[in-house]
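Asker:
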Amino acid sequence: MDTLVEIQDVTKVIKGRTIINSVSFEVKKGEVFGFLGPNGAGKTTTIRMMVGLIGITSGDIKILGSSIKTDFEKAISHIGAIVENPEMYKFLSGYQNLVHYARMSRGVTKEKIEETVELVGLTDRIHDKVRTYSLGMRQRLGLAQCLLHDPKILILDEPTNGLDPAGIREIRDHLRMLARERDMAVIVSSHLLSEMEMMCDRIGIIQNGKLIDVQHISDFVQGEEKIYEIEVDHPEKASSLLKGAQPDIPIQLTGNSVLLPLVRDDIPNLIKNFVQADIKIFAVREVTKTLEERFLEVTEYKEDAGNA
Amino acid sequence: MLRLIQNEWMKIFRRPGTYVMLGLLLIMTTVAGAFIKYQESGGTVPDNSEWKRGLQTQNESYQKQLDEMGEMAPREMKEQYQREIAINEYRIENDISPNQDYSIWGFVTDTSQLIEFAGLFTIIIAGGIVASEFNWGTIKLLLIRPIKRGKILASKYITVVLFGLMLLFILFAYSALLGALLFGMPEEAAPYLNYYNGAVTEQSMAIHLIIYYGLKSITMLMLATMAFMISAVFRNSSLAIGLSLFLMFMGGQVTRLISMKYDWAKYSLFANTDLLQYFEGVPMVQGMTLGFSIMMIFIYFLFFQALAFYVFKKRDVAA
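Here the protein sequences line up with chains Y and B, keeping their order. Residues in the first sequence are numbered from 1 upward in steps of one, following UniProt numbering. Residues in the second sequence are numbered from 1 upward in steps of one, following UniProt numbering.
#1: Using a Cβ-Cβ cutoff of less than 7 Å, which residues in the same chain neighbour Val108 of chain Y once the five nearest sequence positions on both sides are dropped?
#2: Run through the segment 81-118 of chain B for me and flag every whole alpha helix (DSSP H) of 4 or more residues, listed as ranges in chain order.
#3: Beta-carbon within less than 8 Å of Ile230 of chain B's beta-carbon, same chain only, minus the 5 sequence neighbours each way: which residues are those?
#4: Who does Phe33 of chain Y pair with in a DSSP beta bridge?
#5: Give a yes or no on contact between the segment 185-203 of chain Y and the segment 32-41 of chain Y, applying the rule of three or more CB pairs nearer than 8 Å.
#6: State yes or no: is the beta carbon of Arg103 of chain Y nearer than 8 Å to at least one beta carbon in chain B?
#7: Identify the contact partners of Ile144 of chain B in chain Y, using a Cβ-Cβ distance below 8 Å as the criterion.
#8: Please confirm whether Lys156 of chain B has its beta-carbon closer than 8 Å to some beta-carbon of chain Y.
#9: Helix, strand or coil for Gly209 of chain Y, going by three-state DSSP, please let me know.
#10: Using the Cβ count rule (16 or more neighbours within 10 Å means buried), how would you classify Arg125 of chain Y?
#11: Classify Val263 of chain Y as buried or exposed, calling it buried when 16 or more other Cβ atoms lie within 10 Å of its own Cβ.
#12: Give the residues of chain B in contact with His100 of chain Y, contact being defined as C-beta atoms less than 8 Å apart.
#13: Could you tell me how far apart the beta carbons of Ala277 of chain Y and Leu253 of chain Y are, in whole angstroms, since I believe they sit closer than 8 Å?
#14: I need the straight-line Cα distance from Ala318 of chain B to Ile54 of chain Y, nearest angstrom please.
#15: Could you check if Tyr102 of chain B is buried or exposed, using at least 16 other CB atoms within 10 Å of its CB as the buried criterion?
#16: Going by Cα to Cα distance, which pick from Y:Met104, Y:Ala166, Y:Tyr95 is closest to Thr123 of chain Y?
#17: Using 8 Å as the cut-off, can you tell me whether the segment 261-281 of chain B makes contact with the segment 294-312 of chain B, which would need three or more C-beta pairs spanning the two stretches below that distance?
#18: Identify every residue that forms a DSSP beta bridge with Asp248 of chain Y.
#19: Do you know whose CA, among B:Ala154, B:Leu215, B:Ser175, B:Gly17, lies nearest Leu307 of chain B's CA?
#20: Three or more C-beta pairs closer than 8 Å, one from the segment 197-213 of chain B and one from the segment 127-140 of chain B: is that the case here?
#21: Within its chain, find whatever has a CB closer than 7 Å to the CB of Gly306 of chain Y; leave out the 5 residues flanking it on each side and keep chain order.
#22: Alpha carbon to alpha carbon, what distance is there between Ile129 of chain B and Thr255 of chain B?
#23: Return the chain-ordered list of same chain residues with a C-beta closer than 6 Å to the C-beta of Val186 of chain Y, the five sequence neighbours on each side being excluded.
#24: For Leu221 of chain B and Val161 of chain B, which I take to be in contact (beta-carbon distance under 8 Å), what is that distance rounded to the nearest angstrom?
#25: When you compare only the Cα positions, how much space is there between Asp316 of chain B and Lys156 of chain B?
#26: When you compare only the Cα positions, how much space is there between Leu177 of chain B and His100 of chain Y?
#27: Could you check where the alpha helix (DSSP H) with Ala81 of chain Y kicks off and where it finishes?
#28: How many angstroms separate the CA atom of Met288 of chain B from the CA atom of Gln63 of chain B?
#29: Quick check on DSSP: helix, strand or coil for Gly162 of chain Y?
#30: Under a three-way DSSP split, which group does Pro261 of chain Y fall into?
#31: On the CB-based measure, 16 or more other CB atoms within 10 Å of its CB, does Leu270 of chain Y come out buried or exposed?
#32: Give the residues of chain Y in contact with Gly137 of chain B, contact being defined as C-beta atoms less than 8 Å apart.
#33: Report the start-end ranges of each beta strand (DSSP E) in the segment 150-235 of chain B that is 3 residues or longer and not cut off at the edges.
#34: Tell me whether Ala265 of chain B is buried or exposed, calling it buried when 16 or more other Cβ atoms sit within 10 Å of its Cβ.
#35: Since Gly167 of chain Y and Gln139 of chain Y should fall inside the 8 Å C-beta cutoff, what is the C-beta to C-beta distance between them, to a whole number of angstroms?
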């Protein structure tokens with residue numbers, strides 16, 4: 001069975017207000033699933049429902065086939081999670097915190113704790129009080145806490161919130177490693193797009209409590225066609241040459257280059273034409289749309305469609 | 001379950017505040033001991049020869065007052081006097097002098113007042129044990145373990161009870177130890193005279209004190225249960241501790257005031273928690289019996305627990 005998490009038509013109503021409106025998606029083994037949306041869109045609410053912290057008004061969430069509603073203990077035993085900030089007992093040491101959580105799951109040995117500490121790289125400081133930890137170290141302790149019982153699914157809410165670039169990179173590497181080497185399903189939420197781009201295989205976009213899109217990250221960023229930037233000595237000349245061949249083509253001119261949508265196979269031909277017209281080519285590069293641009297595109301489009 | 005209690009115990013004893021509480025309890029007992037010892041060295045052992053006549057005069061004056069006031073005498077006073085008379089008569093008949101040297105048992109009886117403080121500390125722990133998890137944000141990590149919420153709450157309640165029992169035990173053991181050191185064991189064990197249902201019986205002092213402790217701690221346990229309930233329902237430790245302490249100090253007084261005018265005061269929790277009133281004193285409201293009080297305590301207990309568990313299990317843990 002490849003699908004580890006199934007969200008089935010989940011709705012959450014709080015005091016007459018629909019916070020989450022029939023959201024459905026699936027997360028498979030070995031993939032990092034990004035949950036993307038602006039603040040207040042319902043990311044955290046959905047994640048809280050997945051770990052049983054808040055009730056589900058209608059619909060169901062299945063973890064390896066067990067419902068979080070009716071079979072809570074079994075379902076949750078496959079999950080390791082950090083919901084928002086990894087709050088730990090500050091008056092305990094990191095190790096005592098881990099012992100505390102280890103006692104609450106079945107069969108976590110001392111060796112397992114040591115191994116996990118080693119994995120997140122806290123060996124030196126694990127016996128210090130959590131009070132003295134930096135945010136990055138707390139985040140790592142949080143990660144250790146959710147890996148103790150060898151879960152199949154990792155759920156992290158805003159895992160990189162407040163971390164410096166080094167910390168973000170570290171978390172990212174950990175997550176990719178866990179998904180790839182341990183075949184875990186990792187679900188992360190974030191409103192930071194650039195980060196998701198580097199971390200996730202697939203992303204779901206949530207807005208106003210509705211899941212508006214689920215796509216593979218590469219498809220998502222690129223859309224249907226790719227844009228190439230060609231650096232030349234006479235952009236105007238290049239532009240008129242291109243327009244002559246294809247009058248409808250949308251060409252942008254920037255300083256000393258032209259930008260245009262192209263299919264890969266057409267590139268050699270284009271270069272040949274430029275060379276024959278005595279246009280000097282310095283570089284041809286693919287312009288990747290950033291996730292951010294694409295994200296705004298998608299959410300704005302959906303919003304317009306919704307309003308119309 | 002055992003491991004959950006172990007966890008809660010660890011969280012209590014890894015905080016310095018807990019040791020401050022234990023320290024205060026021991027210091028207060030020690031200060032009381034030093035004070036009584038200092039006073040005792042100033043006084044003399046009372047003259048033993050005349051005690052029988054003294055008791056007789058006391059009884060006569062009690063009887064006279066009762067006769068004079070007749071029906072006018074308040075019920076509480078009447079019962080109090082009858083009790084005194086019965087015990088005094090028993091002493092005269094069986095030759096048991098009321099003038100005992102102050103010993104370990106006297107000291108343990110005196111320091112049993114400190115049970116109130118043990119109660120206070122237990123309330124502080126009970127009021128914080130659920131609410132703090134919400135304050136710290138750790139409740140989110142606590143509730144995503146393969147353990148039902150009811151079980152987590154139960155482990156917390158059991159921990160509170162264990163903590164209370166531990167304080168009581170420390171208080172009892174420490175004051176017995178200190179009493180034995182400062183005042184010595186009595187030469188001959190004087191029995192405690194128990195007056196219940198019009199009859200006087202003898203009871204060993206140690207057993208009496210243990211029962212005394214047990215009964216006194218019921219108030220403490222009930223208030224701790226209430227603090228625990230408020231803590232679980234309102235997620236606010238200040239409210240839980242404040243309200244419970246207020247009721248601990250005022251509840252009895254207020255109920256007594258109400259009971260002078262209204263009969264329904266007997267349904268108040270505080271009219272019933274003090275079971276000692278059936279053994280050593282006068283019930284707060286006429287017609288209350290031991291069975292009634294036990295039942296009331298039980299009903300309140302169930303109510304507190306049902307409320308705490310219901311709310312805790314249903315709660316959406318957000319923010």
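From the three backbone atoms N, C-alpha and C, an ideal C-beta is built for every residue, glycine too. Just so you know, these numbers come straight off a predicted model, no measurement behind them.
Answerer: A quick look at the data gives this:
#1: Ala102, Leu148, His149
#2: 104-111
#3: Gly127, Asn236, Leu239, Ala240, Leu243, Ser244
#4: Y:Ile187, Y:Arg202
#5: yes
#6: yes
#7: Val51, Gly52, Leu53, Ile76, Ile79, Ala81, Val83
#8: no
#9: coil
#10: buried
#11: exposed
#12: Asn7, Met10, Lys11
#13: So it is not a contact: roughly 16 Å between Cβ atoms.
#14: 7 Å
#15: buried
#16: Y:Tyr95
#17: yes
#18: According to DSSP, which records beta bridges pairwise, Asp248 of chain Y is partnered with nothing at all.
#19: B:Ala154
#20: no
#21: A caution first: Gly306 of chain Y carries a pLDDT of 46, below 50, which makes its placement in the model too unreliable to give a value.
#22: 29 Å
#23: Val32, Leu154, Leu175, Ala179
#24: 7 Å
#25: 19 Å
#26: 36 Å
#27: Here Ala81 of chain Y belongs to no alpha helix (DSSP H); instead the beta strand (DSSP E) covers 79-82.
#28: 26 Å
#29: coil
#30: strand
#31: buried
#32: Glu84, Asn85, Glu87
#33: 192-196, 199-203
#34: buried
#35: 7 Å
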